[in-house]
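A.B. asks: Residue numbers (full-length UniProt numbering): 1 to 145.
Note that CB positions come from ideal geometry on N, CA and C, so glycine has one too.
Values in this document were obtained by computation on a predicted structure and should not be read as measured data.
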Amino acid sequence: MGERIGLSDEEWAIIGALLPPERGRGCRPAQDNRLYFEGMMWIARTGSQWRHLPDDYGKWNSVFRRYRRWVTTGVFDAMLETLAEMVERDTTADMIDSTVVRAHHCAIGIKKGHRKPRRLADRAVVSPPNCTPDATPGDALSVLS
Numbered sequence: 001m002g003e004r005i006g007l008s009d010e011e012w013a014i015i016g017a018l019l020p021p022e023r024g025r026g027c028r029p030a031q032d033n034r035l036y037f038e039g040m041m042w043i044a045r046t047g048s049q050w051r052h053l054p055d056d057y058g059k060w061n062s063v064f065r066r067y068r069r070w071v072t073t074g075v076f077d078a079m080l081e082t083l084a085e086m087v088e089r090d091t092t093a094d095m096i097d098s099t100v101v102r103a104h105h106c107a108i109g110i111k112k113g114h115r116k117p118r119r120l121a122d123r124a125v126v127s128p129p130n131c132t133p134d135a136t137p138g139d140a141l142s143v144l145s
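1) Assuming residue 148 is part of the alpha helix (DSSP H), what are its boundary residues?
2) From what residue to what residue does the alpha helix (DSSP H) around W50 run?
3) Would you mind reading off the limits of the alpha helix (DSSP H) that contains D77?
4) Applying the criterion that 16 or more other CB atoms from any shown protein chain within 10 Å of the CB defines a buried residue, is E47 buried or exposed?
5) Using the three-state DSSP reduction, which class does L35 fall into: helix, strand or coil?
6) Just checking my contact of L35 with G58 at CB under 8 Å: how many whole Å lie between their CB atoms?
7) CA-CA distance, P54 and W60?
8) Secondary structure at A44, three-state DSSP: helix, strand or coil?
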């Protein structure tokens, strides 16, 4: 499964206050925000798919639904702004260097299905093979002078 990614109690005291309280749906009790947030951190750190989230963090689909809800309601944006204000840091220059961010093999954009390999003979030829006159380097120099 891998090592569990967790927050210290001091970190959670700051971050937990920035997250919206969760209430149970129907007869199901609400799951702990800390557990789900740590699951989201595990996904972010490992780059794994949601379905591969260890059971230690709860059901992957429940963690994903809460993640999507927080993304669409702007919880993470507000959290980033608040944390930046706490450390008095300008976040306008924050970015991710995509040259070092590794994408999952499912995210590389290859279309499914087999394509027939193209032979060189099947490609359109830009110019016929004997289109250049037989010239020598001396001829090229005489043109320049």
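C.D. replies: Taking the definition as stated:
1) Nothing about residue 148 can be read from this structure; the chain reaches only from 1 to 145.
2) Note, W50: premise wrong, no alpha helix (DSSP H); not H, not E.
3) 75-86
4) Reading the sequence as shown, one finds Gly at residue 47 and not Glu. Result: exposed.
5) helix
6) 6 Å
7) 8 Å
8) helix
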